[in-house]
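Chains A, B and C are the protein sequences, given in the same order.
In this text, residue positions in the first sequence follow our numbering: the first is 1, and each later residue adds one.
In this text, residue positions in the second sequence follow our numbering: the first is 1, and each later residue adds one.
In this text, residue positions in the third sequence follow our numbering: the first is 1, and each later residue adds one.
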Amino acid sequence: MTIKIKTNKLNIYYGDKQAVKSLDIEIYNNEILGIIGPANSGKTTFLRSLNRLNDLSPSFSHDGEVLIDGVDIYSKGVDVNSLRKRVGMVFALPLPLPMSIYENIVYGPKRQGLTDKKKLNEIVEASLKEAYLWDEVKDRLDLQAMRLSGGQQQRLCIARTLAVEPEIILFDEPSSGLDPISTARVEEAMVKLKEKYTIVLVTNHTKQAARVSSRVAFFLMGEMIEIDKTDRIFTNPKDSRTEGYISGKFG
Amino acid sequence: MNPKLAQKIAFIILLLATILVIVPVGMIVVIIVVKGAPAINWEFLLAMPSKGMRAGGIFPAIVGTIYLVAATILFAIPVGVFSAIYLVEYARENLLTRMVKLAIINLAGVPSIVYGLFGLGLFVIFLGFGPSIIAGALTLAIMILPIIITTSKEALDSVPRSYREASLALGASKWQTIRHVVLPSALPGILTGIILGISRAAGETAPILFTVAAFYLPRLPRTMFDQVMVLPYHLFVVSTQIPNIKTEYTYATALVLVGIVLIANLAAIILRSKYRKKI
Amino acid sequence: MNIKFRRFSEFLIEKAIFLSGIISILFVVLIFAFLLKEGLALFKYVSVKDFIFGAEWYPISEPPKFGIISLIMGSVWVTAGAIIISVPIGIAAAIYISEIAPRKIRGILKSGIEMLAAIPSVVIGFIGITTLVPLVKNVFGLSTGLTALSGSIMLAFMAIPTIVSIAEDAFYSIPKRYKEAALALGATHWQTIWRVLIKAAFPGIVAASMLGIGRVIGETMAVMMITGNVAKIPNSIFDPVRTLTATIAAEMGEAVRGSDHYFALFAIGIVLFVITFLINLIADIYINRELK
């Protein structure tokens with residue numbers, strides 16, 4: 001298994017507050033790594049450091065390294081826009097842009113300078129199919145994306161992310177606003193995507209992590225307590241805190 | 001006194017104060033419409049003034065106002081909108097930003113006649129434009145800048161942060177995000193500011209006194225460097241400088257001016273309320 | 001599109017945004033610089049003390065006199081009158097609109113006040129001449145209705161929209177819990193407003209009044225048309241007066257460029273700029289205090 005993402009002694013701060021503490025983690029190609037843990041454990045902060053969306057908060061600072069394919073993405077000379085193209089992200093709440101379904105999908109590719117109408121159409125079809133949404137919307141691509149149901153919107157956001165052909169996809173609690181049926185469809189899409197992409201999934205539902213991840217990491221108060229194969233974490237965790245969280249003692 | 005009774009009396013006083021503000025507004029509009037409307041006809045709107053402005057029409061003043069306002073807006077929009085973009089999207093909390101905000105507040109507070117002096121000193125004399133549309137428009141543009149910046153800023157602020165994140169996460173650059181996501185969402189709010197700016201520019205007199213307004217010039221301007229007659233100054237002239245003028249003529253001039261300004265304002269109010277509902 | 005070209009054009013756009021962002025500072029500096037450039041020349045002929053405190057303004061007699069105390073007093077009288085009228089009414093209207101008016105009426109009232117703000121000052125002046133000036137003359141039995149009082153009344157109307165909108169923001173931004181706490185203790189709605197809300201909104205009310213003063217001092221056209229334009233220190237509110245602003249507006253047209261008269265009018269501009277700058281600064285301090 002090749003290593004896709006690796007951090008060395010990663011510390012993340014917001015002002016004086018440390019959100020992630022001395023994190024060393026390796027994430028492999030074509031796996032789904034589930035990250036679980038209670039609120040404020042640094043899961044989302046870590047996730048947003050992988051596409052440098054943290055840069056948007058003025059108080060953000062970090063030290064240590066975040067290597068993707070062996071290159072520190074915080075080093076000088078790394079173009080943050082191309083980084084974000086390689087590392088896609090699906091947010092907690094479905095966030096379609098205020099435009100049509102079609103425009104949402106082609107938004108990324110167009111910004112990269114792609115204007116060929118035929119190519120754009122192909123991208124729309126392919127990415128909607130990959131996100132299991134094509135059949136539901138193929139006849140109404142001009143519809144305002146906001147008018148889709150919550151689950152459809154979230155799959156549209158996945159499709160939109162796929163359209164820029166990322167290598168890594170970050171999911172930030174992707175089903176927190178969805179009903180169980182929509183959640184199942186999103187998870188179905190995720191498992192399928194593993195074949196082509198490396199996926200990091202932050203979730204509040206330990207069961208979701210159990211269903212889809214190949215490995216699971218447990219975060220607590222900014223520290224990674226444990227990381228292991230999914231079945232081992234859930235059947236035989238090494239750390240008592242992991243066991244406590246999974247069995248519902250806290251969190 | 002019984003608290004319930006005290007409340008009743010207090011509320012009645014507050015209501016009366018409010019009525020005291022609102023009723024005269026209505027009265028001003030009604031007086032101008034009633035006394036001015038009879039004198040309005042095609043000749044009044046489309047003819048040159050004659051007999052020392054006691055007869056004929058106000059066509060050159062209408063055209064002059066349109067040219068002047070158009071030029072003003074042309075100067076003010078890009079600078080104002082870009083300035084708002086800077087404050088919302090780029091500026092950090094530091095001394096420079098604090099100074100920019102203070103400067104905007106002060107631009108809004110500088111008396112209009114001081115703008116007139118400034119326009120005279122910089123554009124008319126120092127840059128040698130002479131009294132001209134361009135000198136007047138630049139002066140007015142700086143004057144309405146705070147209006148456009150403040151309303152545009154409010155519109156940009158109201159665009160959810162999540163739109164920006166979604167766009168950036170797709171690999172779009174900061175400017176692309178602003179250009180393709182933020183600006184389209186903020187457009188109605190920005191338009192409101194522009195219309196309010198138009199309304200203000202069309203009604204101001206003091207800043208144009210020495211920079212563009214002509215007392216009596218019964219022809220249309222040919223270039224940006226010509227002087228023009230302008231409605232608010234024309235109203236000042238006919239209501240104070242010309243003895244024995246028919247009052248309908250003066251009221252009709254006021255009606256045209258108030259009509260332009262209030263219709264623009266009404267449009268801005270409607271646009272804004274529709275837009276606020278949508279968000 | 002070529003990536004390099006795109007990067008370059010974005011670089012240019014972001015530079016333009018930055019420049020536009022800070023251009024307001026430049027304009028404030030430019031305005032002040034040009035006022036100084038043209039206005040300071042006066043002080044080769046007249047001392048600052050004689051300019052500010054001199055009682056006589058005879059700019060074109062021989063020798064000319066450039067004392068502006070009568071103009072300052074003109075502005076002060078008109079402004080004081082306008083503020084005495086507009087602050088109570090404006091604050092009362094702001095309370096009514098933000099606290100008492102039913103939701104539906106609130107929108108209409110706010111639009112009405114915005115309309116008032118939009119009416120051009122020259123129109124206010126014109127209406128003042130035709131309606132208010134004769135009224136003042138008849139009611140008080142004066143020889144002319146062109147007085148400081150007429151100016152104050154008209155300017156009060158022009159200041160009210162500013163006062164209402166700032167004061168209304170102040171009331172609006174008071175945390176709901178203040179109001180709820182007072183009501184929960186059994187206070188009536190009015191007691192809550194009078195004892196709690198007005199206190200909480202006080203910095204905003206001060207800021208509203210300051211900005212109202214700024215608006216009135218800077219007002220030009222209406223005041224020039226209504227106050228009679230006599231450059232003499234007024235004895236009462238029924239005297240005709242001339243303000244700083246009206247002097248510039250009325251005389252700049254005739255002043256010879258580069259003459260001492262011309263410089264003197266710019267020097268008045270400096271005085272106005274400094275006054276309004278200070279007023280806005282104070283208002284800004286109070287508005288920021290309210291936010292904390």
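Backbone N, C-alpha and C fix where the C-beta goes; we use that ideal spot for every residue, glycine too.
Distance between E14 (chain C) and I72 (chain C), taken at the CA atoms: about 46 Å. Look at the region 90-148 of chain A and you find these whole runs of alpha helix (DSSP H), each 4 residues long or longer: 101-111, 117-130 and 134-137. Contact between the region 246-255 of chain B and the region 24-44 of chain B is present: three or more C-beta pairs spanning the two stretches fall below 8 Å. Under DSSP, the beta-bridge partners assigned to Q18 (chain A) are A:Y13. Counting C-beta atoms within 10 angstroms of its own C-beta, F11 (chain C) has fewer than 16 neighbours from the protein chains shown and is therefore classed as exposed. Interface annotation, M89 (chain A): in contact with chain B, CB-CB separation under 7 Å. S182 (chain A) counts as buried, since at least 16 other C-beta atoms from the protein chains shown sit within 10 angstroms of its C-beta.
Around the CB of P59 (chain C), 16 or more other CB atoms lie within 10 Å, so the residue is classed as buried. Among the residues facing chain B, A200 (chain C) is not included, as its CB has no counterpart in that chain under 7 Å away.
In terms of beta-carbon proximity, I28 (chain B) lines the interface with chain C, with at least one pair separated by less than 7 Å. Under the 7 Å criterion on CB atoms, G109 (chain B) is classed as interfacial with respect to chain C.
What M99 (chain B) touches in chain C, judged by beta-carbon distance under 7 Å, is I25, going in chain order. For Y86 (chain B), no chain A residue has a C-beta closer than 9 Å to its own C-beta; the minimum C-beta separation is roughly 15 Å.
Residues of chain B with a Cβ closer than 8 Å to the Cβ of G108 (chain A) are, in chain order, L170, G171 and A172. Under the 10 Å beta carbon count, L68 (chain B) is surrounded by 16 or more other beta carbons and is classified as buried.
Within chain C, the C-beta atoms nearer than 7 Å to that of S112 (chain B) come from G218 and T220, in chain order. Looking from the CA of V206 (chain C), the closest CA among C:F27, C:A94, C:L26 and C:A283 belongs to C:A283.
By the neighbour-count criterion, in which 16 or more other beta carbons inside 10 Å mark a residue as buried, K153 (chain B) falls on the buried side. Taking the beta carbon of E165 (chain B) as reference, the chain A residues within 8 Å of it are L53, L56, F91 and L95, listed in sequence order. Proximity of chain A to V182 (chain B) at the Cβ level (cut-off 8 Å) is not reached, the minimal Cβ distance being about 10 Å.
7 Å or more divides the Cβ of E180 (chain C) from the Cβ of I97 (chain C). With respect to G136 (chain B), T211 (chain B) sits close: the two C-beta atoms are nearer than 7 Å.
A Cβ-Cβ contact shorter than 7 Å links V124 (chain A) with Y102 (chain A). In the three-state scheme derived from DSSP, where H, G and I count as helix and E and B as strand, E204 (chain B) is classed as coil.
When secondary structure is reduced to three states using DSSP, Y28 (chain A) falls in the strand class. For H180 (chain B), no beta strand (DSSP E) run applies, since DSSP gives it neither H nor E. Per DSSP, reduced to three states, the secondary structure at V258 (chain B) is helical. For E65 (chain A), the beta-bridge partners assigned by DSSP are A:N8. Contact annotation: the region 140-149 of chain C touches the region 213-229 of chain C, with at least three C-beta pairs closer than 8 Å. Annotated three-state conformation of V69 (chain B) is helix, per DSSP.
For A217 (chain A), the enclosing beta strand (DSSP E) begins and ends at R215 to L220. With a threshold of 7 Å between beta carbons, S20 (chain C) makes contact with chain B. The shortest CA-to-CA distance from I85 (chain B) to any of B:A202, B:D157 and B:G56 is the one to B:D157. DSSP, reduced to helix, strand and coil, places A172 (chain B) outside both helices and strands of the structure shown, so it counts as coil.
A residue is called buried when at least 16 other Cβ atoms come within 10 angstroms of its Cβ; N265 (chain B) meets this threshold and is buried. For L36 (chain C), the enclosing alpha helix (DSSP H) has its first and last residue at I3 to G39.
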